[in-house]
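Asker:
Protein chains: 2
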Amino acid sequence: MKISTRGRYSLRMMIDLAQHYNEGYIALKDISERQDLSKKYLEQIIPFLSRGNLLKANKGHLGGYMLAKEPSEVTVREILESAEGSLTPVSCMDDCPNLCDKCEDCLTLPIYKGLYERILQYLDGITLEDIINRQVSDFTYHI
Amino acid sequence: MKISTRGRYSLRMMIDLAQHYNEGYIALKDISERQDLSKKYLEQIIPFLSRGNLLKANKGHLGGYMLAKEPSEVTVREILESAEGSLTPVSCMDDCPNLCDKCEDCLTLPIYKGLYERILQYLDGITLEDIINRQVSDFTYHI
DNA sequence: TAGAAAACCTATTGAATTAATAAGCAATAA
DNA sequence: TTATTGCTTATTAATTCAATAGGTTTTCTA
Chain W
92 MKISTRGRYS
102 LRMMIDLAQH
112 YNEGYIALKD
122 ISERQDLSKK
132 YLEQIIPFLS
142 RGNLLKANKG
152 HLGGYMLAKE
162 PSEVTVREIL
172 ESAEGSLTPV
182 SCMDDCPNLC
192 DKCEDCLTLP
202 IYKGLYERIL
212 QYLDGITLED
222 IINRQVSDFT
232 YHI
Chain B
92 MKISTRGRYS
102 LRMMIDLAQH
112 YNEGYIALKD
122 ISERQDLSKK
132 YLEQIIPFLS
142 RGNLLKANKG
152 HLGGYMLAKE
162 PSEVTVREIL
172 ESAEGSLTPV
182 SCMDDCPNLC
192 DKCEDCLTLP
202 IYKGLYERIL
212 QYLDGITLED
222 IINRQVSDFT
232 YHI
């Protein structure tokens, strides 16, 4: 039940891009230095975010990356879903009758579906703008 | 973000034990046959559930396993937490200043904490009794 | 009181995944 | 035209996953 580094690094990279929105294209070198993440590893993560239409890129001198949408329009769900592939807690949910033929009678599947709904609902409610502007306490119930 | 087979099999085993509660000790052989799970693999999973004080065992002939508590007193959270070790979405939450020294300023940690709270709240609300008695639709929002 | 049946314990393994590193190619603005 | 940047593919070491295997110990019962 852990989010992989690919998901976590993706979120940090996207937050960094949101913090430098309206500054034109940002070189990956700058992001990797600010966030202390391997530039080479980030390069491998980017295709996942590009497939989700989350990034615009510019090659060549003074090139770099930019958010494809405004920070207020990018949700954490989109980012983690693009990076991780799927946020379903069990893989049989992604391709049900093929991966397991007992979906119909499965007593546990509804539990995982309910969990998945709660996860999506929560992550859908947080945008990059929220992360930059909100207080730490806004995401948790207490303190 | 996937629940491992250890967690999934644990839940299925515990549901099976709940369905045969008040029938005395249930042999692992019976559970593995009914649930179509490797008996040898279940043997390795059991210590995790025992550590969480979820099981009573009896050795020898006519021995087996029993729920340590009534089905209505066992939550899915307890089961998955025992099996998986921890349900935190990022490992730095388990041992914060040691695994990462930037907890204080981390913009992403509050998001993961909020997610963790939602996950626990949901899984805490489901008991083995619920799973056996409730309708499928009780866990999901729609349909 | 032997013996079958069950839990319990430890080691091994093959496969997959993770988290990188490495080395170079392609595009482009100054 | 050259430095800078994104892009692509290959390789790898370590770890985790999901099991299989083989044996020991306990205990009921016939």
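Protein chains in written order, with our numbering: chain W, 92 to 234; chain B, 92 to 234.
Just so you know, even glycine gets a beta-carbon here, dropped at the ideal spot from N, CA and C.
For histidine 152(B), which of Ile210(B), Cys194(B), Glu208(B) and Lys120(B) has the nearest alpha-carbon?
Answerer: The count along the second sequence starts at 1 and reaches residue 152(B) at position 61. Nearest of Ile210(B), Cys194(B), Glu208(B) and Lys120(B) to histidine 152(B), Cα basis: Lys120(B).
Asker: Consult DSSP for lysine 160(B) and reduce its assignment to one of helix, strand or coil.
Answerer: Along the second sequence, read from residue 1 onward, the residue named residue 160(B) stands at position 69. Lysine 160(B): coil per DSSP, three-state reduction.
Asker: I want to see whether chain W comes within less than 8 Å of glutamate 208(B), judged by CB atoms only; does it?
Answerer: If you number the second sequence from 1, residue 208(B) lands on position 117. At least one chain W Cβ lies under 8 Å of glutamate 208(B).
Asker: Is leucine 214(W) helix, strand or coil by DSSP?
Answerer: Against the first sequence, residue 214(W) aligns to sequence position 123. Looking at leucine 214(W) - three-state DSSP - the assignment turns out to be helix.
Asker: For tyrosine 100(B) and isoleucine 222(B), I'd like the C-alpha separation in whole angstroms.
Answerer: Taking the first residue of the second sequence as position 1, residue 100(B) is located at position 9. Taking the first residue of the second sequence as position 1, residue 222(B) is located at position 131. Near 15 Å, if we compare the C-alpha coordinates of isoleucine 222(B) and tyrosine 100(B).
Asker: Using three-state DSSP, classify lysine 150(B) as helix, strand or coil.
Answerer: Reading the second sequence from its first residue, position 59 is the one you call residue 150(B). It is coil, neither helix nor strand.
Asker: Distance, Cα to Cα, lysine 193(W) vs aspartate 127(B)?
Answerer: Mapped onto the first sequence, residue 193(W) falls at position 102. Mapped onto the second sequence, residue 127(B) falls at position 36. Their Cα atoms are separated by approximately 11 Å.
Asker: So, is serine 163(B) buried or exposed, given that buried needs 16 or more other C-beta atoms within 10 angstroms?
Answerer: Within the second sequence, the letter at position 72 stands for residue 163(B). When all chains shown are included, serine 163(B) counts as exposed.
Asker: Listed from N- to C-terminal order along the chain, which residues in the region 169–181 of chain B have their beta-carbon within a distance smaller than 9 Å of any beta-carbon of chain W?
Answerer: Listed in sequence order: Leu171, Glu175, Ser177, Leu178, Thr179, Pro180 and Val181.
Asker: For glycine 143(B), which option in Lys150(B), Lys160(B) and Leu133(B) has the closest C-alpha, if you only look at C-alpha atoms?
Answerer: Along the second sequence, read from residue 1 onward, the residue named residue 143(B) stands at position 52. Taking only the C-alpha atoms, the option nearest glycine 143(B) is Lys160(B).
Asker: Going along the chain, which residues of the region 188–207 of chain B sit with their C-beta nearer than 7 Å to a C-beta in chain W?
Answerer: Of all residues in the region 188–207 of chain B, Leu198, Thr199, Pro201, Ile202, Lys204, Gly205 and Leu206 have a Cβ within less than 7 Å of some Cβ in chain W.
Asker: Using three-state DSSP, classify isoleucine 94(B) as helix, strand or coil.
Answerer: Numbered from 1 along the second sequence, position 3 holds the residue referred to as residue 94(B). Coil, per DSSP.
Asker: Is it buried or exposed, serine 129(W), if we count other Cβ atoms within 10 angstroms and call 16 or more buried?
Answerer: Here residue 129(W) refers to the residue found at position 38 when the first sequence is read from its first residue. Exposed: under 16 other Cβ atoms inside 10 Å.
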